[in-house]
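Scroll down for the structure; my scribbles are underneath it.
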Amino acid sequence: MKLVAINKNLPVVDVQNLTVVRGKYQAVESVSFQIFPGSNTAIIGPNGAGKSTLIQAILGLIPYESGYIEILGKQIKDLGKHWQKIAYIPQKLPFDRSFPLSVAELISLGYPDQGLMKSREKHIAIEKALV
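Using this note's numbering, the first residue of the sequence shown is number 502, and each one after it goes up by one.
Structure below.
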């Protein structure tokens, strides 16, 4: 796994004046914040406040009306391979319990495929995730 040096003075996530519209409803209005390396961040609010919509927009899963989003100093549309460093588990995930997949196999699906030479590294990462 390649480590990326991160400047602790620069935000990992930078959201400025973000507005997200879902249908006719303005779910997120002019939200701005920055998340810095090593910080703990919580997004809190009542049901329907737009928390999940905000996360989905930041991850590029849904379009946003205005504002900008940068992750690791790049706009989300320009992230390329950096995008593989971000994981997201939605609050509600359709899951077929009859699908024969172990927890380790499920975790391995989120690890980038890097060929046979990286299989030991992948195995170690999966074991760490299971602890």
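The beta carbon of each residue, even a glycine, is placed where N, CA and C say it ideally should be. Every value quoted in this text rests on a predicted model; they were computed, and no experiment measured them.
*asked:* On the criterion of 16 or more Cβ atoms from any shown chain inside 10 Å, does V632 qualify as buried, or is it exposed?
replied: exposed
*Same chain, Cβ closer than 7 Å to Y565, neighbours up to 5 away in sequence not counted*: L519, T520, V521 and A558
*asked:* As a quick exercise: from Q535, S531, K525 and Y526, pick the residue whose alpha carbon is nearest that of K509.
replied: Q535
*asked:* What does DSSP give as the partner residue(s) for Q557 in the beta ladder?
replied: None, per the DSSP bridge assignment.
*Could you pull out every residue in the same chain whose Cβ sits closer than 6 Å to the Cβ of I544, ignoring the five residues on either side in sequence?*
Here I544 has K552 as same chain residues with Cβ atoms under 6 Å from its own Cβ, once five neighbours each way along the sequence are excluded.
*Return the first residue and the last residue of the beta strand (DSSP E) that L519 is part of.*
V514 to R523
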